[in-house]
Structure formats: C-alpha cells, structure tokens
Amino acid sequence: MSRTLFVQQMPSTPQMLSWIALFLMPAVSDVAIADEQSHEPNMVGAVVQYGPAYLGSDRSTPSIIPVLSLTKESLFLRTTEGMLETGISKPINDTLSYGAQLAYEDGRTQNGFSNGLKFLSINPSMSYGAFLQYEDNIGPMPVDVIVRYRKDIDTSRGSQIDFRIFAGIYGGEHEKLNLGIFAQRTLADQRAMETYYGLKDRFSHRFGHVSYHPDQGVLNSEVGLWGAYMLCPKTYLVGYAEKIFLGNEASNSPITRSSNINYISFGLAFEF
1 MSRTLFVQQM PSTPQMLSWI ALFLMPAVSD VAIADEQSHE PNMVGAVVQY GPAYLGSDRS
61 TPSIIPVLSL TKESLFLRTT EGMLETGISK PINDTLSYGA QLAYEDGRTQ NGFSNGLKFL
121 SINPSMSYGA FLQYEDNIGP MPVDVIVRYR KDIDTSRGSQ IDFRIFAGIY GGEHEKLNLG
181 IFAQRTLADQ RAMETYYGLK DRFSHRFGHV SYHPDQGVLN SEVGLWGAYM LCPKTYLVGY
241 AEKIFLGNEA SNSPITRSSN INYISFGLAF EF
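The opening residue of the sequence shown carries number 1 in our numbering; numbering runs sequentially from there.
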C-alpha cells in the first residue's frame, strides 16, 4: 500500500466544494481505471478533520474534506501532496518528474476568530505554478519528495514555495496496516505573508490593534504521522495527526492567537 491516501487540512466551505466540482469535471470524465504508467491507484474518499478554523486560530472546528487520487496518463487530480490540486506531470526518468498545477488556496472567515476579535475575511482562491517531484524506494522504504511553486491568480496575494517529504515507515503492498511520516516547510513572499497575517493601517484602528506588516520568510513548518488500515479489499480506514508551527512573521501577527497548531482526522477511502 502506497501513501496515496494522505490528505492534508482544507476547510469545508461552499467555495471549496465548487472548486472540487470544477476540478472533477474534466478529470473524472476520462478516468475509468488507473493509468498503466501511474505508480498510484485511483482512490476517492473523505475524512472528518478536527483542527483550527485557520492557521493561527485558537478556535477548533470539525470539517469534512476529500481524499482524492485520480490519474489518467499525465493528468492528475489529487490531495496526496498536502493540498487539493490538478495538473499535468511529465517524467524525466524513472524516479524524477516535473509538471504544472492549479491548486485551491485557503481563505479565512470571521467564524475562526476568538470572542471579541474581528478581522477581515479572506475569500478562498486558486494558484498556478510548477513542481519537481522525486519518488523512489530506499531499501523497502518508499520516499516521496516534492518542491512546488505556487502563485495566486490574484497577484496581490503573492506566491509561495513549499518543500515536502514523505517516507513510509511500516507496512507494504500486501500489509493491512501502513504508516508514514511527513514534513513540509512553506516559504511566502511579502505579499502572501501580508495577505494572511498583515493588518493594514486603515483597518488597524477599526479592529483595535496597531498595524502589522510582516516580511517574507517561513510561513509555517509541519510534521505528521499518516496511517491507513485495510478494512476489506479496496476499502481503507485512513487518518493522520499533524503538528504545524508558524514562522516568526506569522506568529507575531495580531491575527494569530496560537502559533502551535494541531490537526487530527479519520475517514474512509475506496480504491477503484
């Protein structure tokens, strides 16, 4: 069993569901079985996740998010690399590939703020970009490394670069239980940092805080444990526990109420 079932946090919002529908229409229409050249089976499912309303909130909420891994030749739709994205992937050799992607970018709602705090909401958006990915085995251990550049379609929201690594630590293709660990670091330019954690001068008095203008730098770092258990052929109980640490620029924001963030999720996924 590969690490296909991994999925990272995304909010359950009407906007997100509309993006999923947009992504699924071109992808699912062409997907009947996993492409022969793909290392991953086609899978679909969902998990119930419990965690903060946004990265930095001290108010936790449950949400339902998708588990997706759909491939057809060079096209993909997935959540297996920590975010909802669709795009095209081309091999360089047996272990290295590159490609381009469109991805869902999180927003922020008033519901996530503590009592008495009011800041501006941020609508969800999309980003476009490119990635370089390495997939291989070190002995029996599967390893997946991806470097991804993302630029928001709204140019005022800037761009991000993330570095992600996954390693399987227990299980195998014919094992019922599979476990893996993952880590990611995300860097943001000044526009992206300002979008999510800045407070402009004209709004600072309105919200009772001094203005805040973060610089570019580390947006967040995360580590986690992923698991999948085969309940019956092609049906899996999946879950993960994750810890996220905000970078200094984000941690110092008046919008941030907690810099150490925990997520936990469980759900079902089906292979076809």
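Every residue gets a Cβ at the ideal spot worked out from N, C-alpha and C, and that includes glycine. A quick note: this is a predicted structure, and the numbers were derived from the prediction, not measured.
* Asked: With respect to the beta strand (DSSP E) encompassing A53, which residues constitute its N-terminal and C-terminal limits?
  -> Looking at the DSSP string, A53 is not in any beta strand (DSSP E), and its letter there is neither H nor E.
* Helix or strand or just coil, what does DSSP make of N248? -> helix
* Contact belief for N42 with F272 at Cβ below 8 angstroms, rounded distance in angstroms -> 6 angstroms
* For M193, which of K151, Q133 and D136 has the nearest alpha-carbon? -> K151
* Can the beta-carbon of F245 be found closer than 8 angstroms to that of N260? -> yes
* For I161, which residues of its own chain have a beta-carbon under 6 angstroms away from its beta-carbon, when the five flanking residues on both sides are left out? -> Y149 and L187
* Asked: Is the beta carbon of S253 less than 8 angstroms from the beta carbon of D58?
  -> no
* Asked: Looking only at its own chain, which residues have a Cβ that is under 7 angstroms from the Cβ of S97, when we skip the five neighbours before and after it?
  -> S89, K90, P91 and Q133
* Start and end of the beta strand (DSSP E) containing E135? -> S125 to I138
* CA-to-CA distance, I153 to G99, given in whole angstroms -> 18 angstroms
* Asked: With burial defined as no fewer than 16 other Cβ atoms inside 10 Å of the residue's Cβ, what is the status of D136: buried or exposed?
  -> exposed
* To do: Given a cut-off of 8 angstroms, decide if V223 and A277 are closer than it, judged by their beta-carbon atoms.
  => Summary: the structure shown does not reach residue 277, with the chain confined to residues 1 through 272, and so no result is reported for it.
* What number of angstroms, rounded off, separates the C-alpha of Q49 from the C-alpha of D144? -> 24 angstroms
* Asked: Taking DSSP as the reference, what is the three-state secondary structure of S259?
  -> coil
* To do: Just grab the DSSP bridge partners of S159 for me.
  => K151
* Boundaries of the alpha helix (DSSP H) in which I195 is found, first to last residue -> Looking at the sequence provided, one finds Thr at residue 195 rather than Ile. Q190 to Y197 is the span of the alpha helix (DSSP H), which, as asked, contains T195.
* Asked: Is it right to say I146 is buried, meaning 16 or more other beta carbons lie within 10 angstroms of its own, or is it exposed?
  -> buried
* Pull up the distance between the alpha-carbon of P62 and that of E173, whole angstroms please. => 32 angstroms
* **Whole-angstrom distance between L55 and T71, CA atom to CA atom** => 30 angstroms
* If we count the other Cβ atoms within 10 Å of its Cβ and call it buried at 16 or more, is M10 buried or exposed? -> Low confidence applies here, because M10 scores a pLDDT of 49, under 50, leaving its location unreliable; read the following figure in that light. Classification of M10: buried, given that the 10 Å Cβ count is 16 or more.
* To do: Specify the secondary structure class of G45 as computed by DSSP and reduced to three states.
  => strand
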